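The structure appears below as structure tokens.
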Amino acid sequence: MWLILWQFQESPVYHLYGALFFGALIFGVTTGSLLAVNVLLTKKRLKIHSWEQWLKDNHFD
Numbered sequence: 001m002w003l004i005l006w007q008f009q010e011s012p013v014y015h016l017y018g019a020l021f022f023g024a025l026i027f028g029v030t031t032g033s034l035l036a037v038n039v040l041l042t043k044k045r046l047k048i049h050s051w052e053q054w055l056k057d058n059h060f061d
């Protein structure tokens, strides 16, 4: 609804830039949070307690 009304309102360009910036910021924070949760769950599922131990166990030392 807002997008339909937005074309009839005169708004400065910096409002558009601000909306794009905050949209990108929210997208980045959201995807970063989802990735962090995914990494933690995978780490727990695979029982990886430390990166150094995993490297040693898989012969990457």
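One point on numbering: in the UniProt record's numbering, the residue at position 10 of the sequence shown is 10, and numbering is uninterrupted. Positions of the beta carbon are idealized from the N, C-alpha and C atoms, including for glycine. Since we're looking at a predicted model, the values are computed, not measured.
| Item | Value |
| --- | --- |
| Measure the C-alpha to C-alpha separation of LEU16 and GLU10 and round it to an integer number of angstroms. | 11 Å |
| Helix, strand or coil for HIS15 per DSSP? | helix |
| Does DSSP classify GLU52 as helix, strand or coil? | helix |
| What does the alpha-carbon distance come out to for the pair LEU20 and ILE26? | 10 Å |
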